[in-house]
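Written below as structure tokens is the structure these notes are about.
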Amino acid sequence: MERIKDVLAREPGVEAGAVRVGGWVRTRRDSKAGFSFVEINDGSCLASLQVVAGRDLPNYERDVLCLSMGSSVAVDGVLVASPGAGQKVELRATAMEVIGRADPETYPLQKKEISYERLREIAHLRPRTNTFGAVLRIRGELAYAVHSFFRERGFICLHSPIITTSDCEGAGAMFRVTTIDPGAPPRRPDGAVDTARDFFGASAYLTVSGQLEAEACACGVGRVYTFGPTFRAENSNTWRHLAEFWMVEPEMAFADLDADAQLAESFIRALACHVLANCGAELEFFRKRVDDGVVKRLESAATKPFDRMTYTEAVERLKASDRKFEYAPEWGGDLQSEHERVLTEICGGAVVVTDFPASIKPFYMRRSEDGRTVAAMDVLAPGIGEIIGGSQREERLDALEQNMRERGMDPANYGWFLDLRRYGTVPHAGFGLGFERMVQFCTGMRNIRDVIPFPRTPGNAEF
RNA sequence: UCCGACGUAGCUCAAUGGUAGAGCGGGUGGCUGUUAACCACUAGGUUGCAGGUUCGAGCCCUGCCGUCGGAGCCA
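Note that this note's numbering has the first sequence beginning at 753, numbered continuously upward.
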């Protein structure tokens, strides 16, 4: 069985020889002259292969004339130059086997455009559409590019745990993992549920970040990265949030904020370059059908150095702009999404914002000399907003414990994390990239639910 | 979770409180090296769910469910 992508790249003629392909019917057009055109797509590329099936096939009337969109077929034939316009080559069928029919009365996909909302309801059939096939191919290429980027730089791929008992403060609500029967939980003498008798001997959750474990491993082998699923139980319903998403989290020992920001920039650049170099047909499709600015933004990310500014400068530039804001920019406040958007517009591309107020960032970020900011950085991408968040970590034991106490956390609960500072501490830094947001950036797809195969959001875990 | 919109045929949408319609898709026939094919005919409905107002509700009111857009939280 050959893939249509490879077949379409071949030259027609005798040396092309016999070809066998398998795929799903996109459309069938009959000629009264006694043959039919059947377009087959197998998802290996955007393009479909035009098959010409004639009356000489023994099952022409019985099978070919009944083919409809969605039917699966295996075709043997000879690749020839196409006399018609619209395609260079076509497959003259010598045999066509119908493997599975798709009743056109009930098959949900149509030749007409279908809304993204509707496609989400039939997520198991979305992969058969042009748009979603292209999303899946780009997503796969990006995953490959992530691993090769880090491998080339000496980073070790780290499989951080998905189940955790450490409640990483401030990272968001967590999903509980338990084997306790909710109808008959074990109880302590005072009546409260006895979580110490749960499966892990303590309350356990799905991870919200592999960062803490990555720090531990980086402080042993130097450079690591995680690439895995991450879970947030927030009831957030937006175009850029999922309850289950994939995150890439590198962590470097002997690195400061500047090294972190440089890594982030070259990482985004490498991913953009890889997609530009390897997904030309898909990008052209997205440019024409989804977002006409997507290629320009990718090319900018691939070639133009990212602007760099401190949080303090960012607030000043926002104040100096003549934009009207729903929330006025003010030092000490979070950058609102409207602020992020304006910053990328001012800079005409991606921008790295550094040195945020300590009060709006988590306990593990390194306090700067000024005492009021931390060595944090966000990468803002045009059309997306925050695509990377990272920091230099607080490697000084005293300062880290102080940060914890200021936030009402008990250092005693973070013994192993503090050990990393207690024994042979080193400056280290890392960041997290929202993988789906990167897929959005590379495709122009506006809703994050349409760049992951089976999205999980509040009230929706079907499929 | 908050604010706003929406929910009618398989899909996308119409319909002053007064007989539920169109386009696409499906079926049948015609035409054609076709390619968003085209032409004719045809089938297809518990108007999201539950109440209420009214002689009469797709339309008005209440509650619930769901979807979308914006916001917050973040990646």
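Here a beta-carbon is modelled for each residue, glycine too, at the ideal position from N, C-alpha and C. Since this is a predicted model, take the numbers as computed values, not measurements.
Fill in: Residues that DSSP places opposite Gly974 in a beta bridge
Walking along the first sequence from the start, residue 974 turns up at place 222. Beta-bridge pairing by DSSP links Gly974 to no other residue.
Practice prompt. Check each candidate in Gly1085, Val976, Thr917, Asn1155 and name the one with the smallest Cα separation from Ala954.
Written response: In the first sequence, residue 954 corresponds to position 202, counting from 1. From the listed residues Gly1085, Val976, Thr917, Asn1155, the smallest Cα separation to Ala954 is found for Thr917.
Discussion item. Tell me the rounded alpha-carbon separation between Val945 and Arg928.
Written reply: Counting from one through the first sequence, the residue named residue 945 turns up at place 193. Counting from one through the first sequence, the residue named residue 928 turns up at place 176. Straight-line measurement puts the Cα of Arg928 at about 14 angstroms from the Cα of Val945.
Worksheet item: What did DSSP end up calling His1026 once you bin it into helix, strand or coil?
Response: For the purposes of this step, residue 1026 is identified with residue 274 of the first sequence, where counting begins at 1. Assignment of His1026 by DSSP, reduced to helix, strand and coil, places it in the helix class.
Item to complete: Could you pull the start and end residues of the alpha helix (DSSP H) that Asp828 belongs to?
Response: Here residue 828 refers to the residue found at position 76 of the first sequence. Premise fails: Asp828 lies in the beta strand (DSSP E), 824-833, not in any alpha helix (DSSP H).
Worksheet item: Hey, is the region 1100-1109 in contact with the region 1051-1062, meaning 3+ C-beta pairs nearer than 8 angstroms?
Response: Short answer: they touch.
Item to complete: Take Thr1055 as the anchor and find which of Ala948, Ala1022, Ser961, Val825 has the nearest alpha-carbon.
Response: Translated into the one-based positions of the first sequence, residue 1055 becomes position 303. It is Ala1022.
Worksheet item: Taking Cβ to Cβ, would you say Ala805 is nearer than 7 angstroms to Ala845?
Response: Residue numbering aside, residue 805 sits at position 53 when the first sequence is read from its first letter. Residue numbering aside, residue 845 sits at position 93 when the first sequence is read from its first letter. Contact annotation: Ala805 and Ala845 have beta-carbon atoms nearer than 7 angstroms.
Worksheet item: Which whole runs of the alpha helix (DSSP H) in the region 1021-1067 are 4 residues long or more, in chain order?
Response: Runs of the alpha helix (DSSP H) inside the region 1021-1067: 1032-1041, 1046-1055.
Discussion item. Measuring only the C-alpha atoms, how far is Tyr1063 from Arg778?
Written reply: Looking up residue 1063 in the first sequence gives position 311. Looking up residue 778 in the first sequence gives position 26. Between Tyr1063 and Arg778, the C-alpha separation is close to 51 angstroms.
Fill in: Asn811 (DSSP reduced to helix, strand or coil)
As a first step, residue 811 is located in the first sequence; it is residue number 59 there, counting from the start. Coil, per DSSP.
Practice prompt. Can you tell me which of the three DSSP states Gly1084 falls into?
Written response: Residue mapping note: residue 1084 aligns to position 332 of the first sequence, counting from 1. Correct three-state label for Gly1084: coil.
Item to complete: Check Pro1109 in the structure and name its three-state DSSP category.
Response: For the purposes of this step, residue 1109 is taken as residue 357 along the first sequence, with counting starting at 1. DSSP places Pro1109 in strand when its eight states are reduced to three.
Worksheet item: Sorted by chain position, which residues of the same chain lie with C-beta nearer than 6 angstroms to Ala1033's C-beta, five sequence neighbours on each side aside?
Response: Reading the first sequence from its first residue, position 281 is the one you call residue 1033. Cβ within range, chain order: Leu798.
Worksheet entry | Helix, strand or coil at Leu910 according to DSSP, with G and I counted as helix | Taking the first sequence and counting its residues from 1, the one referred to as residue 910 is at position 158. Leu910: strand per DSSP, three-state reduction.
Item to complete: Below 8 angstroms on the Cβ atoms is my guess for Glu1138 versus Glu1092; work out the distance and round it to an integer in Å.
Response: In the first sequence, the residue the question calls residue 1138 occupies position 386. In the first sequence, the residue the question calls residue 1092 occupies position 340. With a Cβ gap of about 6 angstroms, Glu1138 and Glu1092 count as contacting.
Item to complete: State buried or exposed for Asn1165, treating a residue as buried only when at least 16 other CB atoms are found within 10 Å of its CB.
Response: Sequence index remark: in the first sequence, residue 1165 carries index 413 (1-based). It counts as exposed.
Item to complete: Please go through the region 819-901 and give each complete alpha helix (DSSP H) segment of 4 or more residues, from N-terminal end onward.
Response: As far as the region 819-901 is concerned, its whole alpha helix (DSSP H) runs of at least 4 residues are 868-873.
Worksheet item: Just to confirm, are Thr1195 and Val887 a CB contact at a threshold of 7 angstroms?
Response: As a first step, residue 1195 must be located in the first sequence, where it is residue number 443. As a first step, residue 887 must be located in the first sequence, where it is residue number 135. Thr1195 is a Cβ neighbour of Val887, given a cutoff of 7 angstroms.
Practice prompt. Give the straight-line distance between the Cα atoms of Asp794 and Glu1065, rounded to the nearest whole angstrom.
Written response: The count along the first sequence starts at 1 and reaches residue 794 at position 42. The count along the first sequence starts at 1 and reaches residue 1065 at position 313. Between Asp794 and Glu1065, the alpha-carbon positions lie close to 51 angstroms from each other.
Worksheet item: Asn1155 lies in the beta strand (DSSP E); which residues open and close that run?
Response: Here the question's residue 1155 lines up with position 403 in the first sequence. Segment 1149-1158 is the alpha helix (DSSP H) holding Asn1155; no beta strand (DSSP E) there.
Discussion item. Using 8 angstroms for Cβ pairs, my map puts Glu1090 next to Phe1077. What's the rounded Cβ distance?
Written reply: In the first sequence, the residue the question calls residue 1090 occupies position 338. In the first sequence, the residue the question calls residue 1077 occupies position 325. About 6 angstroms; that satisfies the 8 angstroms criterion.
Worksheet item: Can Glu1036 be considered in contact with the ligand ADP, in the sense that its beta carbon sits closer than 6 angstroms to one or more heavy atoms?
Response: Absence of the ligand ADP from the depicted structure is noted, as is the absence of any ligand whatsoever, leaving it without description.
Worksheet entry | Gly885 to Leu801 span [Cα, whole Å] | Residue 885 sits at position 133 when you count from the first residue of the first sequence. Residue 801 sits at position 49 when you count from the first residue of the first sequence. Distance between the alpha carbons of Gly885 and Leu801: 15 angstroms.
Fill in: Pairwise C-alpha distance: Val1094 and Gly1135
If you number the first sequence from 1, residue 1135 lands on position 383. If you number the first sequence from 1, residue 1094 lands on position 342. Roughly 10 angstroms between the two C-alpha positions.
Discussion item. Less than 7 angstroms between C-beta atoms, sequence neighbours within five positions excluded: which residues of the same chain meet that for Val1047?
Written reply: Start at 1 with the first residue of the first sequence, and residue 1047 comes out as number 295. Non-local C-beta neighbours of Val1047 in its own chain, meaning closer than 7 angstroms and more than five positions away in sequence, comprise Leu1035, Arg1039, ordered along the chain.
Worksheet item: Considering only residues of the region 758-801, which uninterrupted beta strand (DSSP E) runs meet the minimum length of 3 residues and lie entirely inside it, listed in chain order?
Response: Listed in chain order, they are 770-783, 787-793.
Discussion item. In whole angstroms, give me the CA-to-CA distance for Ala1080 and Arg1069.
Written reply: The residue labelled residue 1080 in the question sits at position 328 within the first sequence. The residue labelled residue 1069 in the question sits at position 317 within the first sequence. Between the alpha carbons of Ala1080 and Arg1069 lies a distance of about 12 angstroms.
Practice prompt. Rounded to whole angstroms, what's the CA-CA distance from Thr931 to Phe951? Just pull it up for me.
Written response: Translated into the one-based positions of the first sequence, residue 931 becomes position 179. Translated into the one-based positions of the first sequence, residue 951 becomes position 199. Their backbone Cα atoms lie some 6 angstroms apart in a straight line.
Worksheet item: Enumerated in chain order, which unbroken segments of the beta strand (DSSP E) with a length of 3 residues or greater are wholly contained in the region 1113-1192?
Response: Restricted to the region 1113-1192, the beta strand (DSSP E) segments that are unbroken, complete and at least 3 residues in length are 1125-1133, 1137-1144, 1180-1186, listed in chain order.
Fill in: Through-space distance from Leu994 to Pro1210, alpha-carbon basis
On the first sequence, position 458 is the one that residue 1210 refers to. On the first sequence, position 242 is the one that residue 994 refers to. A straight-line Cα-Cα distance of about 8 angstroms links Pro1210 and Leu994.
Discussion item. By the three-class DSSP mapping on this structure, what secondary structure does Leu994 have?
Written reply: Sequence index remark: in the first sequence, residue 994 carries index 242 (1-based). Secondary structure of Leu994 (DSSP, three-state): coil.
Discussion item. Considering only the alpha carbon of each residue, which of Phe979, Val803, Ala875, Arg1041 lies closest to Leu843?
Written reply: Residue numbering aside, residue 843 sits at position 91 when the first sequence is read from its first letter. Nearest to Leu843 by alpha-carbon distance, out of Phe979, Val803, Ala875, Arg1041, is Val803.
Worksheet item: Out of curiosity, what's the CA-to-CA distance linking Asn1199 and Cys1031?
Response: Position 447 of the first sequence, counted from the start, is the residue given in the question as residue 1199. Position 279 of the first sequence, counted from the start, is the residue given in the question as residue 1031. If you take the alpha carbons of Asn1199 and Cys1031, they lie about 20 angstroms apart.
Fill in: Member of Ser796, Met1156, Gly838, Lys863 whose CA lies at the smallest distance from the CA of Ser820
By one-based count along the first sequence, residue 820 stands at place 68. Each of Ser796, Met1156, Gly838, Lys863 was checked against the Cα of Ser820, and the nearest Cα belongs to Lys863.
Worksheet item: Can you tell me whether Asp1202 is buried or exposed, with buried defined as 16 or more other CB within 10 angstroms of its CB?
Response: Translated into the one-based positions of the first sequence, residue 1202 becomes position 450. The residue is buried, with at least 16 neighbouring Cβ atoms inside 10 Å.
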